[in-house]
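Asker:
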Amino acid sequence: MGKPLISGTAYPLGAIYDGLGVNFALFSAHAEGVELCLYDERGQHESARHALASRTDGVWHCYLPQARPGLVYGYRVHGRYAPHEGHRFNPSKLLRDPYARAVVGDCRDDPRNEWRLRLDSAEDTAAGQSHWEHNSAARNVAVLYRDAAVAGIG
């Protein structure tokens, strides 16, 4: 991934591989900033963090040239913490892409918990197939969605 991040497009949502790189698009009407965090293939170490500078109709987006399927990533979303108004932004939490096709790592009842995502192949995306890589019980996946929604992603 030697090339810098560029604007990309707001649609379609999710991480879409086009044969040359990956377009990332994440909706959040109330976020004040979004960072794309990239990890090594096992999801153990963050290798890069990019602030998304482009926003269209509430969709934060960017394009990462030379990125390929199998890339492990997550988002950190900045904004107000005002639970009484429904805003619980916390950039110290790594959030999953609601359109991700796989999850790397496990979920524990730990406030430092992090989820990382793996981009599937373009063929799987086109066929609408989902593949989950996860070691925890299915109930943890439900917790993940709840946490992402509470954090203001949707």
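In my numbering, the protein residues as written are 1 to 154. Cβ coordinates follow ideal geometry from the N, Cα and C atoms, glycine included.
Given this structure, state the Cα-to-Cα distance separating glutamine 44 from proline 83, to the nearest angstrom.
Answerer: Taking the straight line from one Cα to the other gives about 31 Å.
Asker: Going by C-alpha distance, which of Ser54, Arg68, Glu41, Leu36 is nearest alanine 48?
Answerer: Ranking the options by Cα distance to alanine 48, first place goes to Leu36.
Asker: Let me know the beta strand (DSSP E) ranges lying completely inside the stretch 21 to 51, each 3 residues or longer, listed in chain order.
Answerer: Runs found: 21 to 27, 33 to 39, 46 to 51.
Asker: To the nearest angstrom, how far is it from the Cα of leucine 5 to the Cα of tyrosine 81?
Answerer: One C-alpha to the other measures close to 28 Å.
Asker: Do you know how far the Cα of threonine 9 is from the Cα of aspartate 57?
Answerer: Taking the straight line from one Cα to the other gives about 11 Å.
Asker: Roughly how many angstroms lie between the CA atoms of isoleucine 16 and glutamate 85, to the nearest whole one?
Answerer: C-alpha separation (whole angstroms): 32 Å.
Asker: Check proline 98 in the structure and name its three-state DSSP category.
Answerer: Three-state result, proline 98: coil.
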